[in-house]
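Residues -18 to -1, 1 to 169 (mature numbering (1 follows the signal peptide of the UniProt record, and there is no 0)) make up the sequence shown, in order.
All C-beta atoms in this analysis are idealised placements derived from N, C-alpha and C, irrespective of residue type, glycine included.
In what follows, a structure is listed as structure tokens, so that the remarks can point back to it.
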Amino acid sequence: MKLIIAILFFVAMTVAPNAENSTTIATDNIAHFTVNENFAFGDNYLLDIDRDGKSDFSFTTASIYNEGAVYNKYMIHALQNHEILNAAEHAAVLENNEVIGTDMDASIHWTSGAGQIIEQIITNEGTNWFGTWSGGRSQYVGIKVNKNGNAYYGWVEIIVDPATEQAYVVDYAINRTPNTSISAGQF
């Protein structure tokens, strides 16, 4: 009987639908998800970081024409009453193991608006990239989910690939313990 129950459990877990086509790795109170979703010109990726059925953050691109140049802006938007780490209207770049929480560097702050990740500038002379995010390697943006009077801190790993003109949300994690810091890349 135990063998039959074990087999049924294994089959159920194997064929069960996988939300957002992702892998969940939960360690203690940190929930980690791998998604590998891209967003490029005209794309929009909605992220439900706490898996409550509501989108918490949006990754989009916007194109602006000004004085003979096209500016393609890759953006993250905080939805609902959530927040992102911001530095001078840009999504603050965090490296692996930087702490995300209440005690942040004075040059960055929490904002409920949008932050530019990187900007592509196209002119007659060619294409240039502008911003604090580096191409071709993982970097992180700090996020804060505000729920029921508590703050839940997390991170989103992003890779920008100038060669393909795409950005990727690789994975993300959130600390499920309220008002407790998390390190970028921690899971």
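Leaving out the 5 sequence neighbours to the left and right, which residues in its chain are closer than 8 angstroms to residue 98 when beta-carbon positions are compared?
As a working note, residue 98 is residue 116 in the sequence shown. Excluding residues within five positions, the ones whose Cβ falls inside 8 angstroms are 55, 56, 57, 71, 72, 73 and 113.
Unbroken beta strand (DSSP E) runs of length 3 or more, entirely within the region 15 to 51: which are they?
If we require 3 residues or more, the beta strand (DSSP E) runs fully inside the region 15 to 51 come out as 26 to 29 and 39 to 48.
For residue 35, count neighbouring C-beta atoms within 10 Å of its own C-beta (all shown protein chains included) and say buried if the count is 16 or more, exposed if not.
If you number the sequence shown from 1, residue 35 lands on position 53. It is exposed - the Cβ of residue 35 has fewer than 16 other Cβ atoms within 10 Å.
Is the beta carbon of residue 165 closer than 8 angstroms to that of residue 65?
Numbered from its first residue, the sequence shown carries residue 65 at position 83. Numbered from its first residue, the sequence shown carries residue 165 at position 183. Result no, Cβ atoms of residue 65 and residue 165 do not sit closer than 8 angstroms.
To the nearest angstrom, how far is it from the Cα of residue 90 to the Cα of residue 124?
Here residue 90 refers to the residue found at position 108 when the sequence shown is read from its first residue. Here residue 124 refers to the residue found at position 142 when the sequence shown is read from its first residue. Rounded to the nearest angstrom, the two C-alpha atoms are 10 angstroms apart.
Look at the alpha carbon of residue 232 and the alpha carbon of residue 32, and state the distance between them as a whole number of angstroms.
With the chain running from -18 to 169 in the structure shown, residue 232 is simply not present.
Restricting to Cα atoms, I'd like to know which of 153, 140 and 160 is closest to residue 132.
Stepping through the sequence shown from its first residue, residue 132 is reached at position 150. It is 160.
Should residue 145 be labelled buried (16 or more other beta-carbon atoms within 10 Å of its own) or exposed?
Here residue 145 corresponds to residue number 163 of the sequence shown, with the count starting at 1. Burial call: exposed.
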